[in-house]
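Chains as they are written, first to last, in my numbering: chain R, 31 to 451; chain P, 1259 to 1469.
Heads up: the structure comes next, in structure tokens.
Here is the structure:
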């Protein structure tokens, strides 16, 4: 007769007591393993969500980048090169420059090896009284596009106004009743109307464009210009300041302002989109983390309570078991079985309860998990270390909980039991 | 064989000291069959438990086979009991979930004791309950239970058999059967201390001590 046989026989005899203890261990292990599964799966889901979001963002950003590259390619950005002493307040108030610089500047720039500027348009502008019509007009002299000396010629963005021709703003030709082909007198010179512009709702409607040299002559500003418009400038990303610095290095005594900030805005919008995407990812991470912390907090309260309740339940069941087995303990002591063997008798039972409860509890946690997650996900979070931890924990729970009742049983005075009986 | 010298034992009952054994001295030689007789509550069972090393007296000495029982550690006492003393009680104290055979082999749980299955069967045959070997105590009559308890007590061939009111629950037929086995054991040289309040049972003994 071995002590194990006795334990197994007793378990079979008092099935209810053992089953209730076993259920208690199963609940504890299911709660523990289930919680670990849940937290680990939460981490996996978080990783998956973040990875998907990052991938999605990267794809969207790549598309956005491509779009902006295309936009940049098509539009570029526009710069206005002005004399350094040009007051910008005046410029914005009048909508044209009031200071002058040498026309040689445009030649100098066109001879430079600067690659980021595609089109150069020198001009002279001045508000004048049109003596013949007694109207205030803005006279603009332009020579058209200045080609870059070291590059292949490109299709010009603007066609130059031929000599003795002019282009007239809407308000002027419309109010005077002029049309293309008519000849008008301007500062005692005859000009043929080459083009009548459509209404633009800006100062252009009271502007007249003539050939640059003729405008310089009318305004008595030989070889002088107000501004150079640099169109469709290229740059990488939105680094316009680099282009500015390059121009200022070639043309000292000038200032460079952006004529149109649309592209910059778009580039900034793209950066902002990237930033917002990253912020959304960060927010998702924070949200998931907060959710996990909340669950951990809840479990940190719930799990010890479950474990405690299970332990108390096991203690009670073992106390009942000890009471039921009083006579048995008495006779075993009387036939020479030592108190340490009585202790072992109960602890082996607790050990069996712990191991069996651990196994069944882990299985139950897995089966329950299958209701919410797929098997592969569950398997990825239920490694052998968790399994063995569950078994060790359940065994410890049962053995520790049964320790005091087992100790009480082993310390029972056999004489007292046998006398009572 | 068994010597109790100036043994005193008292219990505390409702904060009062109740003397059960006072300066009690007894000597039983090897192979003797002694009956201890007396009314209920006179300390018969206490005497048996003290003699069996289960209840330490307040004072006095208990010598079994020339060894002072209560100078041993509890573990040594358990081992000594397992090898030298057999107990039988009125209430049998059979383990309810073990079969008859397993109950008889239960002393094998004690340290240093090994019980052969053949020997257990041999005892069952001798006690006329071999056909009950696979039955549990719940399926047996009181007489059969007492025979199983007796068989368990004797399976280790102890030097002394301490029997406490073993015929108390039995009818006359079973009393005869059980006392017959006691006689048998005694004839083979066994020492018996039988505690009983029944005069007829006490008559079977060589010596009767009244408490």
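From the three backbone atoms N, C-alpha and C, an ideal C-beta is built for every residue, glycine too.
- Residue 1328/P is positioned such that its CB atom lies closer than 8 Å to that of residue 1320/P.
- DSSP lists 1274/P as the beta-bridge partner residues of residue 1271/P.
- In terms of beta-carbon proximity, residue 321/R stays away from the interface with chain P, with every pair separated by 8 Å or more.
- Between residue 154/R and residue 256/R, the beta carbon gap of about 5 Å places them in contact (Cβ cut-off 8 Å).
- From the beta-carbon of residue 1355/P, the residues of chain R found nearer than 8 Å are 39, 40, 42, 43 and 44.
- Listed along chain R are 357, 358, 360, 361, 364, 448 and 451, each with a C-beta nearer than 8 Å to that of residue 1351/P.
- Of the candidates 251/R, 203/R and 222/R, 203/R places its Cα closest to the Cα of residue 234/R.
- In terms of beta-carbon proximity, residue 1317/P stays away from the interface with chain R, with every pair separated by 8 Å or more.
- Neighbours of residue 1365/P across chain R, judged by C-beta separation under 7 Å: 365 and 366.
- At a C-beta separation below 9 Å, residue 1271/P has no neighbours in chain R, since its nearest C-beta there lies roughly 12 Å away.
- Put simply, the backbone Cα of residue 1299/P is about 17 Å away from that of residue 1457/P.
- Per DSSP, reduced to three states, the secondary structure at residue 1399/P is coil, with no helix or strand assignment.
- Residue environment: residue 122/R is assigned as exposed (fewer than 16 neighbouring CB atoms within 10 Å of its CB, all protein chains considered).
- Apart from the 5 residues on each side of it in sequence, residue 435/R sits with its Cβ closer than 8 Å to the Cβ of 345, 348, 349, 351, 352 and 376 in its chain, given in chain order.
- By the 16-neighbour rule on beta-carbons within 10 angstroms, residue 239/R is buried.
- Buried is the label assigned to residue 136/R, since at least 16 other Cβ atoms lie within 10 Å of its Cβ.
- A direct Cα-to-Cα measurement between residue 391/R and residue 406/R gives close to 19 Å.
- Boundaries of the alpha helix (DSSP H) harbouring residue 1441/P: 1430 to 1445, taken from the DSSP string.
- Here the C-alpha atom of residue 365/R lies approximately 42 Å from the C-alpha atom of residue 60/R.
- The alpha carbon of residue 86/R has as its nearest neighbour, out of 304/R, 331/R and 363/R, the alpha carbon of 304/R.
- At a C-beta separation below 8 Å, residue 1332/P has these neighbours in chain R: 368 and 369.
- Beta-bridge partners of residue 1285/P (DSSP): 1261/P.
- Contacts with chain R at 8 Å (Cβ-Cβ) do not include residue 1454/P.
- In the three-state scheme derived from DSSP, where H, G and I count as helix and E and B as strand, residue 1413/P is classed as coil.
- For residue 1410/P against residue 1467/P, the beta-carbon gap comes to about 26 Å, at or over 8 Å, which does not count as contact.
- What residue 71/R touches in chain P, judged by beta-carbon distance under 9 Å, is nothing: the nearest beta carbon there is about 44 Å away.
- Classified as exposed, residue 402/R has fewer than 16 neighbouring CB atoms from the shown chains inside 10 Å of its CB.
- Counted as a single uninterrupted DSSP element, the alpha helix (DSSP H) harbouring residue 244/R occupies residues 242 to 249.
- Per the C-alpha coordinates, the member of 44/R, 79/R, 190/R and 160/R positioned closest to residue 318/R is 79/R.
- For residue 198/R, there is no enclosing alpha helix (DSSP H); the enclosing beta strand (DSSP E) covers residues 195 to 198.
- In the three-state DSSP reduction, residue 1325/P falls in the strand class (E or B).
- Listed by position along chain R, the residues whose Cβ is nearer than 8 Å to that of residue 1368/P are 365, 366, 367, 368 and 371.
- According to DSSP, residue pairing for residue 239/R in a beta bridge involves 170/R and 197/R.
- By the neighbour-count definition (other C-beta atoms within 10 Å, threshold 16), residue 409/R is an exposed residue.
- Residue environment for residue 92/R: exposed (fewer than 16 other C-beta atoms within 10 angstroms of its C-beta).
- For residue 369/R, the enclosing alpha helix (DSSP H) begins and ends at 369 to 402.
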